[in-house]
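Written below as structure tokens is the structure these notes are about.
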Amino acid sequence: MAVQRMDNVLIVVEDLDAVIAFFVEIGLELEGRGPVEGAWVEQVIGVSGVKQDVAMLRIPGAPGGVELAQFHQPEPVRSEPRVAPANTLGLRRVMFAVDDIDAVVSRLRAGGHELVGELVTFENAYRLCYVRGPEGIIVGLAEAVS
Numbered sequence: 001m002a003v004q005r006m007d008n009v010l011i012v013v014e015d016l017d018a019v020i021a022f023f024v025e026i027g028l029e030l031e032g033r034g035p036v037e038g039a040w041v042e043q044v045i046g047v048s049g050v051k052q053d054v055a056m057l058r059i060p061g062a063p064g065g066v067e068l069a070q071f072h073q074p075e076p077v078r079s080e081p082r083v084a085p086a087n088t089l090g091l092r093r094v095m096f097a098v099d100d101i102d103a104v105v106s107r108l109r110a111g112g113h114e115l116v117g118e119l120v121t122f123e124n125a126y127r128l129c130y131v132r133g134p135e136g137i138i139v140g141l142a143e144a145v146s
């Protein structure tokens, strides 16, 4: 028995619209969005009284994506600083391979997002950078060097 694929990563957010727009600027597509509540979700996540909106973003033509959840009930819990440094324990970033890193970074900067560090070339194989999006979300971008 083996893992078949990674389906998605869940990010709990406060401003669902802003975070959707950020991931769409990277190049993901909004697959669906809507309310989620009821006994089934409470049983799965182990939290009672859940009322949330969820959005699913997919990578065009590829498996995997990002699921976003905005909780209305119960109130979300903040467990770390909003702008956590790279060495903070826990999930730090999601990485995407892109075909034109300069174009993606340009679109993100136009939307008010900045690089965490610098855009660098690693061993003449990849151009890499981290971008900080809304709510302190960090996304890594990688473009293969031809």
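Residue 1 is where the sequence shown starts when you use UniProt numbering, and the numbers rise one by one after that. Note that CB positions come from ideal geometry on N, CA and C, so glycine has one too. Keep in mind the model is a prediction, meaning the values are calculated, not measured.
- With fewer than 16 other beta carbons inside 10 angstroms of its own, residue 92 counts as exposed.
- For residue 121, DSSP records a beta bridge to 127.
- Judged by DSSP in its simplified three-state form, residue 11 adopts strand.
- In the assembly as shown, residue 86 is an exposed residue. Its beta-carbon has fewer than 16 other beta-carbons within 10 Å.
- A direct Cα-to-Cα measurement between residue 97 and residue 24 gives close to 14 Å.
- Assigned with DSSP and collapsed to three states, residue 16 falls in helix.
- Residue 15 and residue 135 do touch by the CB rule: their CB atoms are close to 7 Å apart, below 8 Å.
- With respect to residue 141, residue 104 sits close: the two C-beta atoms are nearer than 8 Å.
- Ranked by Cα distance from residue 118, the first of 125, 129, 108 is 129.
- Inclusion of residue 60 and residue 80 in the CB contact set at 8 Å is not warranted, their separation being larger than that value.
- Approximately 7 Å separates the beta-carbon atoms of residue 19 and residue 137; this is inside 8 Å, confirming the contact.
- Only residues of its own chain outside the window of five on either side were considered, and among them 135, 136 have a CB closer than 8 Å to the CB of residue 82, listed in chain order.
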